[in-house]
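*Asks:* The structure follows.
In this note's numbering, the protein residues as written are 299 to 555.
So this is what it looks like as structure tokens:
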């Protein structure tokens, strides 16, 4: 059995726009529904969501029947968390709060088997199709996608060095935390934040590294695409549910009592 192909990794490497959605509900049914919506990728979050390893496994299995790529965000840039998520079959990871090239290199090393990295070796798990993928340990890195999240003022100062780390496939700009770092917490649309985001997009383009971002504002999403972002999340499942439910209820007048 051959190594599963990571369509997302190849798409961003070729500069093809990938439209995604953030998934924070921790729901297998939700993941399956979203997988059939036609998004190129779905971010399964564990940093700000009640998602644990068995939940992630079930959600990735639910996405298996669709063409939507699963990207998993570990709760932290941690070798053990990364190892466990890779072993259950994740091929694309988004590592939060990467501040410099050293932290980016550590993220890459956690996805590589020795001597290139520090990932613990197993060839019998789901990632290797339960031992059926020939030479998995030797070839796994070929289809793994490492995305690092830059979301503070200091990290922006290290942007080119982070992007230049071998094995980093893309750099994601985190607007929410960036706004907080720039002194305007809760205001990702603030002109200073937007200027920093556009500057980051220009610098990543010059570095030849795919750039990603999240917004729940369609107008912003189109602007980010125009600025050169390659993988763009255009919504969050939890907010889609909340806003849809609110709008439906509001259409029937005020609640009694």
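For glycine and all other residues, C-beta sits at the position ideal for the given N, C-alpha and C. Computed from a predicted model, the values in this text were never measured in an experiment.
Are residue 531 and residue 320 close, meaning C-beta to C-beta below 8 Å?
*Replies:* The residue given as residue 531 occupies position 233 in the chain shown. The residue given as residue 320 occupies position 22 in the chain shown. Contact flag set, yes.
*Asks:* The alpha helix (DSSP H) spanning residue 550 covers which residue range?
*Replies:* On the chain shown, position 252 is the one that residue 550 refers to. Taken as a continuous stretch (DSSP letters only), residue 550 belongs to no alpha helix (DSSP H), as it is neither H nor E.
*Asks:* When DSSP labels each residue in this structure, what does residue 317 get in the three-state scheme?
*Replies:* To locate residue 317, count along the chain shown from 1; it is residue 19. Three-state result, residue 317: strand.
*Asks:* Using a Cβ-Cβ cutoff of less than 7 Å, which residues in the same chain neighbour residue 377 once the five nearest sequence positions on both sides are dropped?
*Replies:* One-based indexing of the chain shown puts residue 377 at position 79. Once the five neighbours on either side are set aside, the close Cβ partners of residue 377 are 408, 416.
*Asks:* Residue 424 to residue 302, Cα distance in whole Å?
*Replies:* The sequence position of residue 424 within the chain shown is 126, counting from 1. The sequence position of residue 302 within the chain shown is 4, counting from 1. Those two C-alpha atoms are separated by around 11 Å.
*Asks:* So residue 460 is in the alpha helix (DSSP H); what residue range does that whole segment cover?
*Replies:* Locating residue 460 in the chain shown gives position 162, counting from the first residue. Here the alpha helix (DSSP H) through residue 460 covers 457-461.
*Asks:* Could you spell out the range, first to last residue, of the beta strand (DSSP E) harbouring residue 391?
*Replies:* Stepping through the chain shown from its first residue, residue 391 is reached at position 93. Per DSSP, residue 391 belongs to the beta strand (DSSP E) from 390-393.
*Asks:* Considering Cα atoms alone, identify which of 401, 435, 421 is closest to residue 466.
*Replies:* The count along the chain shown starts at 1 and reaches residue 466 at position 168. Checked all of 401, 435, 421; the closest Cα to residue 466 is 401.
*Asks:* In whole angstroms, what is the alpha-carbon distance linking residue 366 and residue 498?
*Replies:* Looking up residue 366 in the chain shown gives position 68. Looking up residue 498 in the chain shown gives position 200. Approximately 27 Å, taken between the alpha carbons.
*Asks:* When you compare only the Cα positions, how much space is there between residue 473 and residue 373?
*Replies:* In the chain shown, residue 473 corresponds to position 175, counting from 1. In the chain shown, residue 373 corresponds to position 75, counting from 1. Each residue's alpha carbon lies about 18 Å from the other.
*Asks:* Can you tell which of 414, 430, 392 has the C-alpha that lies nearest to the C-alpha of residue 300?
*Replies:* On the chain shown, residue 300 is found 2 positions in, with the first residue counted as 1. Residue 430 is the option with its Cα nearest to residue 300.
*Asks:* Which whole-angstrom value describes the C-beta separation of residue 390 and residue 307, a residue pair presumed to lie in contact below a C-beta threshold of 8 Å?
*Replies:* As a working mapping, residue 390 is identified with position 92 in the chain shown. As a working mapping, residue 307 is identified with position 9 in the chain shown. The pair is a contact, with the Cβ atoms about 7 Å apart (cut-off 8 Å).
*Asks:* Helix, strand or coil: which one does DSSP assign to residue 340?
*Replies:* For the purposes of this step, residue 340 is identified with residue 42 of the chain shown, where counting begins at 1. Reduced to three states, the DSSP call for residue 340 is strand.
*Asks:* For residue 485, collect the residues of the same chain with a Cβ closer than 6 Å to its Cβ; drop the 5 residues on either side in sequence, then sort them by chain order.
*Replies:* Position 187 of the chain shown holds residue 485. Around residue 485: 477.
*Asks:* By the 10 Å Cβ neighbour count, where 16 or more other Cβ atoms means buried, how is residue 444 classified, buried or exposed?
*Replies:* The residue labelled residue 444 in the question sits at position 146 within the chain shown. When all chains shown are included, residue 444 counts as buried.
*Asks:* Using 8 Å for Cβ pairs, my map puts residue 419 next to residue 405. What's the rounded Cβ distance?
*Replies:* Taking the chain shown and counting its residues from 1, the one referred to as residue 419 is at position 121. Taking the chain shown and counting its residues from 1, the one referred to as residue 405 is at position 107. Rounded, the Cβ-Cβ distance is 18 Å, inconsistent with contact.
*Asks:* Straight-line CA distance for residue 355 to residue 492?
*Replies:* Within the chain shown, numbered from 1, the residue matching residue 355 stands at position 57. Within the chain shown, numbered from 1, the residue matching residue 492 stands at position 194. C-alpha separation (whole angstroms): 36 Å.
*Asks:* Based on the DSSP output, what are the partners of residue 447 in its beta bridges?
*Replies:* For the purposes of this step, residue 447 is taken as residue 149 along the chain shown, with counting starting at 1. The partner list for residue 447 (beta bridge, DSSP) reads 470.
*Asks:* Considering only their Cβ atoms, is the gap separating residue 447 from residue 393 smaller than 8 Å?
*Replies:* Here residue 393 refers to the residue found at position 95 of the chain shown. Here residue 447 refers to the residue found at position 149 of the chain shown. Against a cut-off of 8 Å, the Cβ pair of residue 447 and residue 393 comes out as a contact.
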